[in-house]
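**Q**
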């Protein structure tokens, strides 16, 4: 082979290798840029959903905190003894307050009022009266402030629910008088997670609790 041909061949080989190296570098640069863009978009979408969920949960806590200050419920708790719930004149107004509050909140399955021992003494669903929740987190969690119970499946309502509860301490904020709680349907939370705005056609968002279990549908 002539020297000139060898030189041309060497130059071609070097040029090919250089072009391949440049193309490879550009590919990885472009790939990293696309991945970073996708991750930034996903993080933005997740933050948006998280803020939406936080706003919704704050609304639930505010609603339960507001009803915990009800004078009607306070008067009933003051009058109620261990077993004489239905015989009290304060029973009917307390029941009416819970039922009307539930009717104004379509995302709530039930409002219930427990005495200081954790027994349900009034509810928007009368069949719950007498229920002992003294060992349930719906009662125990509210002893120290507003509490949100993790998603659980309710046999009574035949659907998954969360619960938000708060202590009732009276107008002067003294000793615990009872606990007010709302059993809340998952519809609104599921709707927030199923919104695919900002996601691809195959993207999805769902919530996993601290035990690793999915609590919203995939």
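Residue numbers (our numbering): 7 to 224. Ideal Cβ positions, reconstructed from N, Cα and C, are used throughout, including at glycine. Quick caveat, the model's predicted, so the values are computed rather than measured.
(1) Assign residue 124 to one of two classes, buried (16 or more other C-beta atoms within 10 Å of its C-beta) or exposed (fewer than that).
(2) Please tell me whether residue 190 and residue 114 are closer than 7 Å, where the distance is taken between their beta carbons.
(3) From which residue to which residue does the beta strand (DSSP E) around residue 97 run?
(4) Excluding sequence positions up to five away, which residues of its chain have a Cβ less than 7 Å from the Cβ of residue 121?
(5) If you pair each beta-carbon of the stretch 102-110 with each one of the stretch 54-67, do three or more pairs fall below 8 Å?
(6) Look at the alpha carbon of residue 65 and the alpha carbon of residue 49, and state the distance between them as a whole number of angstroms.
(7) DSSP state of residue 67, grouped into three classes?
(8) Residue 155: buried (16+ other C-beta within 10 angstroms of its C-beta) or exposed?
(9) Alpha carbon to alpha carbon, how far is residue 229 from residue 173?
**A** Short version:
(1) Taking the first residue of the chain shown as 1, we reach residue 124 at position 118. The residue is buried, with at least 16 neighbouring Cβ atoms inside 10 Å.
(2) Here residue 190 refers to the residue found at position 184 of the chain shown. Here residue 114 refers to the residue found at position 108 of the chain shown. Taking C-beta atoms as the reference points, residue 190 and residue 114 count as a pair closer than 7 Å.
(3) Here the question's residue 97 lines up with position 91 in the chain shown. Under the DSSP assignment, residue 97 falls outside any beta strand (DSSP E), being part of the alpha helix (DSSP H) whose first and last residues are 97-109.
(4) The sequence position of residue 121 within the chain shown is 115, counting from 1. Here the set comprises 83, 86, 127 and 184.
(5) The answer is no - the stretch 54-67 does not touch the stretch 102-110, with fewer than three Cβ pairs under 8 Å.
(6) Start at 1 with the first residue of the chain shown, and residue 65 comes out as number 59. Start at 1 with the first residue of the chain shown, and residue 49 comes out as number 43. Between residue 65 and residue 49, the C-alpha separation is close to 24 Å.
(7) For the purposes of this step, residue 67 is identified with residue 61 of the chain shown, where counting begins at 1. In the structure shown, residue 67 sits in a helix (DSSP, three-state: H, G or I).
(8) Counting from 1 along the chain shown, the entry for residue 155 is found at position 149. Burial call: buried.
(9) Examination of residue 229 is not possible in this model, given that the chain is present from 7 through 224 alone.
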